[in-house]
Each structure stands twice: as C-alpha cells, then as structure tokens.
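The opening position of the sequence shown corresponds to residue 10 in the numbering used here, with each subsequent residue numbered one higher. From the three backbone atoms N, C-alpha and C, an ideal C-beta is built for every residue, glycine too. Worksheet: the structure to be examined is printed underneath.
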Amino acid sequence: MILRHAFIPPDNNRLANLAGNLDEHLRTIEAAFDVKIQRRNESFKVEGAKGRAERAVVLLQQLYGRAVRPIGAEDVELAILESMSETPTHIDGERGDADLKLRTRRADLAGRTPNQVQYLRNILGHDVTFGIGPAGTGKTYLAVACAVDALERNAVQRVILTRPAVEAGERLGFLPGDLAQKVDPYLRPLYDALYELMGLERVGKAFEKATLEVAPLAFMRGRTLNHAFVILDEAQNTTPEQMKMFLTRIGFGAKAVVTGDTSQIDLPRGTVSGLVHAEQVLRNVKGIATTRFTSADVVRHPLVARIVEAYDAADEDRR
Numbered sequence: 010m011i012l013r014h015a016f017i018p019p020d021n022n023r024l025a026n027l028a029g030n031l032d033e034h035l036r037t038i039e040a041a042f043d044v045k046i047q048r049r050n051e052s053f054k055v056e057g058a059k060g061r062a063e064r065a066v067v068l069l070q071q072l073y074g075r076a077v078r079p080i081g082a083e084d085v086e087l088a089i090l091e092s093m094s095e096t097p098t099h100i101d102g103e104r105g106d107a108d109l110k111l112r113t114r115r116a117d118l119a120g121r122t123p124n125q126v127q128y129l130r131n132i133l134g135h136d137v138t139f140g141i142g143p144a145g146t147g148k149t150y151l152a153v154a155c156a157v158d159a160l161e162r163n164a165v166q167r168v169i170l171t172r173p174a175v176e177a178g179e180r181l182g183f184l185p186g187d188l189a190q191k192v193d194p195y196l197r198p199l200y201d202a203l204y205e206l207m208g209l210e211r212v213g214k215a216f217e218k219a220t221l222e223v224a225p226l227a228f229m230r231g232r233t234l235n236h237a238f239v240i241l242d243e244a245q246n247t248t249p250e251q252m253k254m255f256l257t258r259i260g261f262g263a264k265a266v267v268t269g270d271t272s273q274i275d276l277p278r279g280t281v282s283g284l285v286h287a288e289q290v291l292r293n294v295k296g297i298a299t300t301r302f303t304s305a306d307v308v309r310h311p312l313v314a315r316i317v318e319a320y321d322a323a324d325e326d327r328r
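Structure, rendered in structure tokens:
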C-alpha cells in the first residue's frame, strides 16, 4: 500500500527537524514500521503494509507538530514506542485514577507504555507496589517520580530511597572510604533520578531538611516509617529475611515501591531472592499490586530491548 501525505502550509524548519540530519529520523521510522518513506519538499510517500503505513503517517504528523525545535533521536524512539502501544498512555483530567501526570521538573513525564501506565496507577492506588522487569523499563525512575510528586503535594513528609549493598562481582572492602562512601556508588542511580526530577539545588536542601534520605537497606532495621514514600531498588538482591524486614517497616500514611530485575540476581549461588519469594508469598495479599515489565517496555536505546529478548531466549533454551 502507498500513502501520500503533504504538510500544508509547508514549514521548512519543521520539515528539517522532522526528517533529522541526513533524514536519520525517517530512516528510524522506516526500520521500526518496516515501511519505505520518500520525501520531496513537503510531500511524503509511505509504502508498506496498510496498518504499518497508516501508523507511520500518523507518527509523522505527530512529530511534525513537535518540530518547532530540533527533535532528538531519543524523542523519535520514544514516539515510536508510544505509537506501537495498543492503548493511549497520556491521560488528562482531574487528579486521580484518570490523571497520571506527576509534579516534577519534567512537565512531560508520564507512562509511555501500557505497563508503565498501569505501574503508575498501581503506585497511586496501593500502599505497596512491586515493579519487576528488565533494565530500561522505567521501574526506578517512575517510582522516584511518584515519590517526588507525593512530596510536592505534601502527601508524605519525606522520601526514603534504599537498596541492598550487594556487589555484581566486586567487593565493598576494596572500595576506599568509610561505609557511607563505600555504598554511595550503589545509590548513584537514585541520586541521578532525583537530580533530574528536582534539580541539584532543591535535592541538596531536601537532604539538609531530612525530607530526602538515601541509605543502604541494612540501615532500615528497627525503624518505623510513618508518612513516608519508601522505594527499595534492586530488590532482587535481597534475601527473604531482608525483604520481610523492609516491608514490615511501613507505618501509617506510608507508601512503598519495590523494584527489581529477577534476571540479574547477584546473590551467592543457592540463595533465594527476596523479590522472587515475596512475589509468590504476597500474590493474594490485599493492598499489594505487582506490575510485570517486558522488553516491550524498554525506553532506552532500541538495542537494549533486543539484548533483553536475546538473553531471555537463551535462558528459555537453557531451561
């Protein structure tokens, strides 16, 4: 099938931003939808299977609307991902289940795949939420965004981010500095998300006021966390005892999100993952929700999704 579309009135700057340097954005869309795109000035010809060609044209129209400024390669990839989703991912309306927009520095922050949208709904609607899936699916980033949003709305008094200090082949003892300096590299992804969503200066002030806390999981023992938004990251590296300890820290007015990737467990051989165990034990407990992500939810470079799929296939063959 061949579809023809012309952008009227033509805008040369928008057309250049839409096409990208040496038409790189058009080539990306071609590869994603398995179509052929030809352009002459403001006229585009899209050739391919009917459904794919139609979706490519719709995407071109959407990107043209954004093309007042140059469009980055990442923006094109994410737009393709949204276009391929079966359900709409940006929802407007009053605050509640119908609106998943969050108050952060990123005004455009929202779920980009159906699973991400469901994940946000689960976090907003449950006291404990598990987000399980491969790298790059937004598990940690969206959880931190919900925590920042809750802090901005005064829904919680503080945000606590934690993760187990389990090494992927290295040993903490070889790292320089005291305990805080040793575990800091393990908490760096959480810092990075905070800096992007709140800004460096505000994060610094929040730490000074103790409304933000980042700590290794071992520091959670013996505490009761009231009116707090608590995130346990890299939970696949907890033991069942550590997971139980963490989940029983939750107090009144608190919300907890547990994230992890069960395909990247760094525990000693033979040790049961607390995340795997908790998913089984807590499956039917009221007030707890679980979101399972797949390679289709990866919002990093498209190669990451293909890498995840290749490793999953290799694991299936081994089993």
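Cα-Cα separation between Ala263 and Leu133, rounded to whole angstroms: Spanning the two alpha carbons is a distance of roughly 12 Å.
Ala159: buried (16+ other C-beta within 10 angstroms of its C-beta) or exposed? Burial call: buried.
Could you give the first and the last residue of the continuous alpha helix (DSSP H) run that contains Leu284? Judged by DSSP secondary structure, Leu284 falls within the alpha helix (DSSP H) whose first and last residues are 283-290.
Whole-angstrom Cβ separation of Lys54 and Arg13, contact assumed at under 8 Å? Between Arg13 and Lys54 the Cβ distance is about 5 Å, and since that is below 8 Å, they are a contact.
By Cβ distance below 7 Å, which residues in the same chain neighbour Gly145 in space, the five residues on each side in sequence not counted? Excluding sequence neighbours, Gly145 sits near Val307, Val308, Arg309, Val313.
Would you tell me roughly how many angstroms separate the C-alpha atoms of Ala265 and Thr220, rounded to the nearest one? Note on geometry: alpha-carbon atoms of Ala265 and Thr220 lie some 16 Å from one another.
Pro249, enclosing alpha helix (DSSP H) - first and last residue: In the DSSP assignment, Pro249 falls within the alpha helix (DSSP H) that extends over 249-256.
What did DSSP end up calling Gly102 once you bin it into helix, strand or coil? Because Gly102 sits at a pLDDT of 34, beneath the cut-off of 50, its placement in the model cannot be relied upon, and the following sentence gives the value as read from the coordinates. Of the three classes helix, strand and coil, the one that applies to Gly102 here is coil, per DSSP.
Would you grab the beta carbon distance between Leu170 and Asp242 for me? Rounded to a whole angstrom, and I think it's under 8 Å. The C-beta separation of Leu170 from Asp242 comes to about 7 Å, placing the pair in contact by the 8 Å criterion.
CA-CA distance, Arg61 and Gln70? Distance from the CA of Arg61 to the CA of Gln70, rounded to the nearest whole angstrom, comes to 14 Å.
Measuring straight from C-alpha to C-alpha, what distance separates Leu72 and Pro123? Distance between the alpha carbons of Leu72 and Pro123: 21 Å.
Helix, strand or coil, according to DSSP, for Val85 in the structure here? If DSSP states are grouped into helix, strand and coil, Val85 belongs with the helices.
For a quick check, are the C-beta atoms of Gln251 and Leu226 less than 8 Å apart? Less than 8 Å separates the beta-carbon of Gln251 from that of Leu226.
To the nearest angstrom, how far is the alpha carbon of Leu196 from that of Ser52? Roughly 50 Å between the two C-alpha positions.
Within a Cβ cutoff of 7 Å, which residues of the same chain sit near Pro19, ignoring the five residues on either side of it in sequence? Setting aside the 5 residues that flank it on each side, Pro19 is surrounded in the same chain by Asn50, Glu51, each with a C-beta closer than 7 Å to its C-beta; the list follows chain order.
By Cβ distance, which residues of its chain are closer than 6 Å to Phe302, with the 5 residues on each side in sequence left out? By the criterion of a C-beta distance shorter than 6 Å, Phe302 is surrounded in its chain by Asn124, Gly142, Thr146, once the five residues flanking it on both sides are discounted.
Bridge partners for Pro198 per DSSP, in chain order? According to DSSP, which records beta bridges pairwise, Pro198 is partnered with nothing at all.
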